[in-house]
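Trainee:
2 protein chains.
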Amino acid sequence: MKIAIAQQDYIIGDFQGNFQKITQAIDQAFLSELDLIVFPEMAICGYPSNDLLYYSSYIDSAIDSVNKITEYAKNKIAIIIGGVHRSNHSGASLLYNAAYFITNGEVQIIQKNLHTNANDDFRYFNTEENHSLIYFEGKTISIQIGEINNSILEKNLSEIDLIINLTSISYAHDLIELQQNRILQLAEQFQVPIIHCNSSGAQGEIVLKGGSFICNSQGQLVLEMKYFKEDFAHFDINNIEESIVIESQIISNQISFIHQALISGIKDFFTKSGFKKAVLGLSGGVDSALVLALAAEALGAENVLSVLMPSQYSSGHSIDDSLALVKNLGSAHIIIPIQSTYNNFEENLSPHFIGLAPNVTEENLQARIRGVYLMALSNKFGNILLNTSNKSEAAVGYGTLYGDLCGAIGVIGDLYKTQVYELCRYINRDGEIIPENIITKAPSAELRPEQKDSDSLPEYEILDAILYQHIEQNKSLLEISELGYDKELTTRILKLVQNAEFKRYQAAPSIKVSSRGFGSDRRIPLVKKGL
Amino acid sequence: MKIAIAQQDYIIGDFQGNFQKITQAIDQAFLSELDLIVFPEMAICGYPSNDLLYYSSYIDSAIDSVNKITEYAKNKIAIIIGGVHRSNHSGASLLYNAAYFITNGEVQIIQKNLHTNANDDFRYFNTEENHSLIYFEGKTISIQIGEINNSILEKNLSEIDLIINLTSISYAHDLIELQQNRILQLAEQFQVPIIHCNSSGAQGEIVLKGGSFICNSQGQLVLEMKYFKEDFAHFDINNIEESIVIESQIISNQISFIHQALISGIKDFFTKSGFKKAVLGLSGGVDSALVLALAAEALGAENVLSVLMPSQYSSGHSIDDSLALVKNLGSAHIIIPIQSTYNNFEENLSPHFIGLAPNVTEENLQARIRGVYLMALSNKFGNILLNTSNKSEAAVGYGTLYGDLCGAIGVIGDLYKTQVYELCRYINRDGEIIPENIITKAPSAELRPEQKDSDSLPEYEILDAILYQHIEQNKSLLEISELGYDKELTTRILKLVQNAEFKRYQAAPSIKVSSRGFGSDRRIPLVKKGL
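Which chain is which? The protein sequence lines are A and B, in order.
Numbering (our numbering) for the first sequence: 939 to 1469.
Numbering (our numbering) for the second sequence: 939 to 1469.
(1) Just to confirm my understanding: we take Ile1090(B), look at its own chain, exclude 5 residues before and 5 after, and list those with CB closer than 6 Å. What are they?
(2) I want to see whether chain A comes within less than 9 Å of Pro986(B), judged by CB atoms only; does it?
(3) Could you please tell me which residues of the region 1325-1352 of chain A, in chain order, have their CB closer than 7 Å to any CB of chain B?
(4) Is Arg1061(B) close to chain A, meaning its C-beta is less than 9 Å from at least one C-beta of that chain?
(5) Compare the Cα-Cα distances from Ser1453(A) to each of Cys983(A), Asn1057(A), Asn1366(A) and Phe1291(A) and report the closest residue.
(6) Please state if the CB of Phe1170(B) and the CB of Leu1161(B) are separated by a distance shorter than 9 Å.
(7) List the residues that DSSP assigns as beta-bridge partners of Asp1174(B).
(8) With distances taken between CB atoms, is the gap from Val1217(B) to Val1245(B) smaller than 9 Å?
(9) In chain B, what lies closer than 9 Å to Phe957(A) by C-beta?
(10) Do Gly1020(A) and Ile982(A) come within 9 Å of each other at the CB atom, strictly closer than that value?
(11) Could you check whether the Cβ of Thr1429(A) sits closer than 9 Å to any Cβ belonging to chain B?
(12) Using the three-state DSSP reduction, which class does Gln1127(A) fall into: helix, strand or coil?
(13) Considering just the uninterrupted stretch of the beta strand (DSSP E) at Gln1141(B), what are its terminal residues?
(14) For a test of the three-state rule: what should DSSP assign to Ser1096(B), helix, strand or coil?
(15) Given Ile1462(A), which residues of its chain have a CB within under 7 Å of its CB, disregarding the five upstream and five downstream residues?
(16) Between the region 965-975 of chain B and the region 1010-1029 of chain B, do three or more beta carbon pairs fall short of 8 Å?
(17) Nearest CA to the CA of Asn1088(B): which residue from Arg1120(B), Tyr1073(B) and Ser1108(B)?
(18) Could you please give the first and the last residue of the uninterrupted alpha helix (DSSP H) stretch that includes Tyr1364(A)?
(19) Could you name the residues that DSSP lists as bridge partners for Ala1016(B)?
(20) I'd like to confirm the pairing. Which residues does DSSP put opposite Ala1216(A) in its beta bridges?
(21) In its own chain, which residues sit with a C-beta less than 7 Å from the C-beta of Ser1031(B), not counting the 5 before and 5 after it?
(22) If we call anything under 9 Å between Cβ atoms a contact, is Asp1391(B) one with Ala1383(B)?
(23) Output the distance between the C-alpha atoms of Phe1173(A) and Leu1159(A), rounded to the nearest integer angstrom.
(24) List, in chain order, every chain A residue whose beta-carbon is nearer than 8 Å to that of Leu990(B).
(25) So, is the C-beta of Asn1087(B) closer than 9 Å to a C-beta in chain A?
(26) Tell me, please, whether the region 1403-1421 of chain A touches the region 1261-1280 of chain A by the rule of three or more beta-carbon pairs shorter than 8 Å.
(27) Taking 9 Å as the cut-off, decide whether the C-beta atoms of Lys940(B) and Tyr948(B) are in contact.
(28) What residues in the region 1139-1160 of chain B bring their beta carbon closer than 9 Å to a beta carbon of chain A?
(29) So which residues on chain A does Tyr1443(B) lean against when the C-beta distance must stay under 7 Å?
(30) Kindly list the residues whose CB is nearer than 6 Å to the CB of Met980(B), restricted to its own chain and excluding five residues on each side of it in sequence; keep chain order.
(31) Name the two residues that bound the continuous beta strand (DSSP E) containing Asn1035(A).
(32) Does the pairing of the region 1335-1348 of chain A with the region 1413-1422 of chain A give three or more beta-carbon distances under 8 Å?
(33) Of the residues that make up the region 1280-1293 of chain B, which ones have a beta carbon closer than 7 Å to any beta carbon in chain C?
(34) So for Phe953(A), helix, strand or coil by DSSP?
(35) Which word fits Thr1338(B), buried or exposed, when buried means at least 16 other C-beta atoms lie within 10 angstroms of its C-beta?
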């Protein structure tokens, strides 16, 4: 039994475009004389569709698309594809995340019977225990959507020859290996081969991992597809136990995966939104340098405009380093000094600020003036503003709302500062792209004379370790200090995290590469008493 | 059997403060020689706690609090109170939204067995079918948390003497009457009296409705408590069928309820965050005028600073009308003309804008300059910036990101423009507070010469009707045009709604008064093809 895996990248709600993509893969599989083609979870609609699923017109379009695919594939090939299913139970219309098994015009529907918290599936879909089984070419196949449901497998184990697992799992550097291992272990445990078919491509903040694979009944990989890209492969499942075992691409590949995920995230944000060009503020610091390097790679250096906006507090090397970087990349830049604008604001505010000492107000003012310039350029030229904040800053509120937190999409907002440095080194792996001085100098916001990040924050290695425990690991002050971190420092950092919640409510959305990016992954009440 | 209802307002995560509030009500009920006191859903923690529930230290504190309450109430009174419950099932720790029934140190736990989509309960809590019954003073009582579960009632109906319904329902003007009626109908259907105990007070964007009540076994109200405020009442349930039937406060009370909800929303946002003073931009238009009037009522006129920022496009009446309003209220104002700042930006941008005609860039620039001034004043004085955008504008993207969309909390962001006018009239019900000219003049953003909202938008009556169908009623273009609205106009409006998604991702959070406020009520993918 020859099975194709169509690892595709869909646009949410683009039923016509997705239909075309699906039928192209059907044609390809048909021409290769295969028996069955497998598509990912929610291939019909794109995933996650979120509240678009509340529109009955959206569901109608999705079901219509399945009917057209059924018609199209007649006398060509059998199909397993993810979509939505609507069924009526005593008057109420219930929605399911479902797989359609289509053979020559006949359709069998398997409903997803286990929800995880990913993308709020529970908000939209009902669950229903079902045996999950289909019968095809003398084989009994269990179709599992999303996370594989052990208990259903256990009930039907003696019958099952093959598990086909449709997913649309998004990338998280701290989960991807676990996710693959879990599936390999299930194959071994149940002694059944598994086909894992996942979609690729970014959907706004999330990046679907791609990386579909097939493992044999000992839980060994025999096929692994590209990560973060579309791919097409086929495999004769009857020969699986004799097939050569391969190594996973995941192992020790973290930073290159993060790199690929971000490139996919940038690229798809632009192409799927219909934009080509980006703009960003280039400060001379490591964050904006990394964002520029990534954007130039994803969009072409000619499509990224850098704006240098020195103030009275900018050091000479900030401009020099920035110029060296744009020269390395061959991308355009403009320089707009902000001092006269700053002076104008100061002048107009001074009658109201009499007797009040300079404080964070004046620092924020500089950041916000830069935000206004960037947005004016974005509006005028149609270049999309990239946000350059990192996760460490976002966590402790070291950034100015409506200033450096502006942007249509954050590129490195889910990277801790230590990961920012690691990725810079990776970008420079074959030669200097990001000037060495940008990477090695002490980080500074340059919003007051001689300011350094280390004036108000601990070293990033320590900061990031504490943040990781609190944010990714849900650890409290007590638990973190029990791990050996200074209690006073930890108290101060957790307080900063808590007090910056209002900023994160309005910060630019960011490409997610971890299991707990800010945004919909971490939902903290706006008003509360801290942990 | 004399039962107290403690309708209280909690701070999320303030276990100590909530404990004190709870024990005060226990004392009050004990002194009144009552038998049982009922507290709302999640009284222990405050609701919704959201991802704070992922912290095991948070759950520990909640359980500790129940233990302290159990100890405190010994030999005083029986208690039914909402909180979290953690139980271990084959190694996994499962969390439940639960009610604790506490009598003299004995604790019985009833788990919530039905989730709705409200506040993502399904993200945190497991469900478990349970009979929901407790036995107290010779009566069989069904405890129902959140929405009342018909099927459980049907199973145990013959036994049940009383239903006690613990909730923390947030206010929505389009649901509140339905919610009460549904409970009254269930009482009548099952011929069982119901005690509905809801919390009050705002939690960030949401406003808990208060409005606890008791109905008899014919579904008639015999007690109804205050809306949007804390309240305490007690009732001898043995006399319920002889008690006088009362009218609901809800009937025909919509605009006064919206008014009270917004006042509660503003007040609690400030007091629970530890702030006292507000600042806002006063444009001379109806939106900012209404926000000022509401803020002055909620916080005291002396605590609200208005900032008038005229530009070259501001009409004379904008300043005059604004001055008349602050005079009516007796609140402070300052005037900062923005023209010199605008000229400075223009000058610095002009080398880069050569040959490019003025467009939306220059309009946004004015709005963003105002945002920068407001945030500078907010930073310097510690006044919290109130956002003044309405729901019609937010829907169609008629507002500037990082400009007039700035603010820590939006006051009227869940009111359509037609509701804004209605509320202005209500504010003026006993005499002019908002000058008549502000209400009657044609709305304008005043960002270019002679600009009027009606240049680019239809009349608000039509716009709001179409938006309501699309946003609250999930209707598609086809369905809306079938209702008789112009298809071309509807197409244009839905396109505007779709294209403004990126703005709503970063706009100020807003106090919610409908069933579908922007924010967590409406989750549309950032990148997608439109409906």
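Cβ coordinates follow ideal geometry from the N, Cα and C atoms, glycine included.
Since the structure is predicted, the reported quantities are computational estimates derived from the model, not experimental observations.
Mentor: On the basis of the supplied data:
(1) Ser1070
(2) yes
(3) Tyr1340, Cys1344 and Ala1346
(4) yes
(5) Asn1057(A)
(6) no
(7) Lys940(B)
(8) yes
(9) Residues of chain B passing the Cβ test: none, with the nearest at roughly 12 Å.
(10) yes
(11) no
(12) helix
(13) Ser1138 to Gln1141
(14) helix
(15) Glu1439
(16) yes
(17) Arg1120(B)
(18) Lys1355 to Ile1365
(19) Leu974(B)
(20) Val1242(A) and Ile1322(A)
(21) Arg1024
(22) yes
(23) 13 Å
(24) Ile1462, Pro1463, Lys1466 and Leu1469
(25) no
(26) no
(27) no
(28) Ala1140, Gln1141, Gly1142 and Glu1143
(29) Pro1447
(30) Gly1020 and Ser1106
(31) Ala1030 to Thr1041
(32) no
(33) Absent here is chain C; the protein component of the structure consists of chains A and B.
(34) helix
(35) buried
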